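Chains as they are written, first to last, in this note's numbering: chain A, 715 to 892; chain E, -13 to 224; chain C, 12 to 720.
Glycine included, every Cβ here is placed at the ideal spot set by N, Cα and C.
Nothing here was measured: the structure is a model prediction, and the numbers come from that model.
Data block below; observations after.
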């Protein structure tokens, strides 16, 4: 007498499940990879050029020294200089479009934290950290690129190295999570 | 790095002689801390997410009957029963603020902490409560919007503490007494709530805490609460 | 075969589950890229990542508390009290706190609407140009005498503007009322002050410095006159700034939060407050070895004791304690000032104050400097009578909801049918807005301009500033602008009108001034208003009061199967707060009930009638009936039932509709001789319906359904 196989030993079903899993896992892996890549920006902003001409970061990201977020530049900031300059490249033509119609540029922030993390720029800037310590060498980038693996361990690692005497305070959950 | 900052011992005093039970603190807390409303059925099941509640008990028989009112929020215990039971270290003691913090991103929703809290001051997100547009426009950006399956409770408005500490540090000064106001204290129409640094002898809160009327809730459990009540208004301890 | 999973299969399935979990986690960060839209032109007062704070004034009730509103990137985040404002000094009540849920309410009217049919939601959107043209046409085509304005909780600036407009159109003066007027006895205090002091101003009771307070039903911690000012007064009274901790005796048939805050509660028989106050006046004069004043001539101590249920000895003891105190004070409000003899009761309470000479004294009675507009119910009645006769062709309504908060016996809906055109300026789809032909929504309180004249709770002149803290969310328009444009008033716009109105304040000796208007205006907005440096009240004289003779109110004991009715306002105020979810989620202070209304019945009475907690009870008066869920309330007279006011809407959006019951259906359409709505004499009968409906209450953490956490 042949024993009937239980349903989960059905080969077709197993292959089907494996395929579904493959697709899902592939999707997940892609998702993880995508987050480690620079997102598509409305204008391919050349950081390298701007940093190269010696413009300080805070000229456009002006909130970093005084508040929790650095902020993204408004069209006013860009247009302040660029309406005096040439608009003969495609990127500048795009900017001119935003500038002349006074529409905000829908920037995609690159360094963002989840909702439950409350990062504050001000104490980091006050402690003398340079922007590139966390944001990488923007002088070599066009659009800003994320730093892979920038998670809590990354934060704490730095907190421990930079200020072991303050580590109790700097590793406190309520420092960032509330 | 900057010099070591002295740890504060934040504490609160509630003067029960002044508390009228008007519920302004309850609403103020909800507005500050992005507490969602849960609706009639959920509140009837006892799943309302109030971080602070007014305990109203009747005393005496008609006509000598009168209610007692006692605002109860997380007592921020020094020896907190909620902390050792959390399997994922989501309920932890903050060395810096000397309060109990609930780390939402760690919380997996075992609810052990709520079961072990003698003050019933923890509330649980049984569902994802919607924040539809445009209602969501008034959410406080300094406070995490919690999702389903996460335990939450009074934080002593830690976002305000952090803000004040950060500002004081940036301005290179000590934080002043009364600089941090919790939302409930700020709203309280009779000024029954005082908040501040208990480790400073001259602060308003520690002066009030040394009053002869002071007591703590369920003191005998040895939880060392940071909330001190002053007897009055029919509440005489215990 | 076994249904059990083998260990191996279990592990396989767990792996699958773990993988699925990974997928879900993996999708998390992928969705994290969002676009941020920076300001096109960042306003100069805005700083990246920082909140901006604006001072403005609360319009939720007539008290006029100062607010500081925290805004973040153009959105109103949190409402806080203005610490410098003399009315509330930084404190704030639940209704003020939730005003952000008014601006960001899910059920707002988003633009001007022409209603297809009255009483039905929906209609045709029109443009503001059409709307203004329409109002203009109504102004021109309707005879002045056939235009009517019905106003309520609105900025005083808009009231002043409408009054100007009415006289320009030769229309009758606007009629203004709010449910709080007749629930809290506001109109009675105005009538008494006009009669005896010659000014329609509210008395200010210096609770803060009083030593012994007799409170006749005033719910000073909840809604009475100026709740934040009197809550602060209560603090001072308890702290005993000028000596001992104060002693408060509360005379009220139901224990409100304010009555519960007293040291002694005397459950007085409803309707006997005037007799008790007069008896106490007489006994107090006697205790001071003085002649009893004229006003107490007719009162008989024994009769008063009998009518009120307080023994003669107790009355004597209370009177001598009152007379022997350094700073005694008597206050009154609520249901005590809402009957046919409300005027007499208020006069008697003032006489009790006068007999201990505390007028214009620290811890006594003062007269608020500002003159209050009339809020008589009789005027409302007359207006509806006029509508019924067909003599009103066009009716403009702002800030009030007569179909909800007026007695059903007045039959406002019937009167509306005789009016050709009704224009509502409501921001929310309330009953009245839906019953009108056009809805031209005004801005909500955090979006509009204005000023509020502080009428109560102070002895200074205060004009509190209202300014927008956020840009209007929807296509709404300030009613003042609509009226100026349509009525051809000589102002450029609303701000121009406001600036002209505050011009006299520049030289009136306030806490600040400025050489020219623009900088004065800027300071006016920055500080949240203008106020005097110190008290500036007109001294009041007790002579006319003590020498007057008032008719003795007749007690009206309830027959065995009927009950006295006490209706009290809650955190919903005049009912307009019923569309705010967090006001529903805030438990009622006395009963801890949320999201519903109830009827309070004494446990003895309930036992007698076979009513249990959560039973649905039918409450019937001569004028109507409602059903409510029973709440056995121990601090209430057995011959009285109490109902909260504010819920029971048929419209006003998802949070208000069909929730709770409306006690206004039980009220008579009766005004007393002095024009207040006399609802407190209403008798009701109770009968169980056999239905049960558990209501949400916080007092039992086990939940009313029995299986909660």
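Under the Cβ criterion of 8 Å, residue 8 (chain E) is counted among the residues facing chain C. Among the residues of chain E, those whose CB is under 8 Å from the CB of residue 705 (chain C) are 30, following chain order. Counting only residues of its own chain and dropping the five nearest sequence neighbours on each side, residue 208 (chain E) has a CB closer than 8 Å to the CB of 65. The beta-carbon distance between residue 460 (chain C) and residue 509 (chain C), rounded to whole angstroms, is 6 Å. This is short enough to meet the 8 Å contact definition. Proximity of the segment 662 to 673 of chain C to the segment 539 to 552 of chain C falls short of the contact definition, fewer than three beta-carbon pairs being nearer than 8 Å. When beta bridges are read from the DSSP output, residue 45 (chain E) appears opposite E:52. Residues are counted here when their Cβ sits less than 9 Å from a Cβ of chain E; for the segment 557 to 579 of chain C the count is zero. For residue 812 (chain A), none of the residues of chain E pass the 9 Å Cβ criterion, the least Cβ distance being about 25 Å. Counting every other CB atom within 10 Å of its CB across the protein chains shown gives residue 102 (chain C) a total of 16 or more, marking it as buried. At a cut-off of 8 Å between beta-carbon atoms, residue 595 (chain C) makes contact with chain E. Against chain E, a Cβ distance below 7 Å from residue 887 (chain A) picks out 78, 80, 87, 89.
Using a Cβ-Cβ distance cut-off of 8 Å, the segment 147 to 162 of chain C and the segment 397 to 415 of chain C are in contact, since at least three pairs of beta carbons, one from each stretch, lie closer than that value.
Restricted to the segment 607 to 636 of chain C, the beta strand (DSSP E) segments that are unbroken, complete and at least 3 residues in length are 609 to 612, 626 to 632, listed in chain order. In the structure shown, residue 178 (chain E) adopts coil according to DSSP, grouped into three states.
Interface flag for residue 83 (chain C) against chain E is set, since a Cβ pair is found closer than 8 Å. Pairing residue 151 (chain E) with residue 182 (chain E), the inter-Cα distance amounts to about 12 Å.
Contact annotation: residue 626 (chain C) and residue 703 (chain C) have beta-carbon atoms nearer than 8 Å. Excluding the 5 residues flanking it on each side, residue 639 (chain C) has same chain C-beta neighbours closer than 8 Å at 608, 609, 610, 627, 628, 630, 654, 671, 672, in chain order. At a Cβ-Cβ threshold of 8 Å, residue 398 (chain C) and residue 434 (chain C) do not count as neighbours. When rounded, the separation of the alpha-carbon atoms in residue 783 (chain A) and residue 777 (chain A) is 6 Å. For residue 341 (chain C), the secondary structure class from DSSP, reduced to helix, strand or coil, is strand. DSSP places residue 473 (chain C) in the uninterrupted beta strand (DSSP E) bounded by 473 to 477. When the beta-carbon positions are compared, residue 586 (chain C) and residue 660 (chain C) come within less than 8 Å of each other. Short of 6 Å from the beta carbon of residue 339 (chain C), and not among the five residues preceding or following it, lie these beta carbons of its own chain, in chain order: 223, 333, 367.
Counting along the chain, residue 170 (chain C) sits inside the alpha helix (DSSP H) bounded by residues 167 to 179. Residue 463 (chain C): not part of any alpha helix (DSSP H); member of the beta strand (DSSP E) spanning 461 to 464, first to last residue. If you ignore the 5 residues before and after residue 819 (chain A), its C-beta comes within less than 7 Å of the C-beta of 756, 757, 789, 812, all in its own chain and listed in chain order.
Of all residues in the segment 52 to 86 of chain C, the ones placed with a Cβ closer than 8 Å to any Cβ belonging to chain A are 52, 53, 58, 59, 60, 61, in chain order.
Taking all protein chains in view, the Cβ of residue 214 (chain E) is crowded by 16 or more other Cβ atoms within 10 Å, so the residue is classified as buried. Residues of chain A whose Cβ lies closer than 7 Å to the Cβ of residue 156 (chain E) are, in chain order, 836, 840.
Under DSSP, residue 77 (chain C) shares a beta bridge with C:68. Residue 132 (chain E) sits away from residue 168 (chain E), with the two beta carbons spaced by 8 Å or more. Residue pairing by DSSP places residue 660 (chain C) opposite C:668 in a beta bridge.
Rounded to whole angstroms, the gap between the alpha carbons of residue 873 (chain A) and residue 203 (chain E) is 38 Å.
Shown here, residue 239 (chain C) sits in a helix according to DSSP, grouped into three states.
Ranked by Cα distance from residue 53 (chain C), the first of A:720, A:785, A:734 is A:785.
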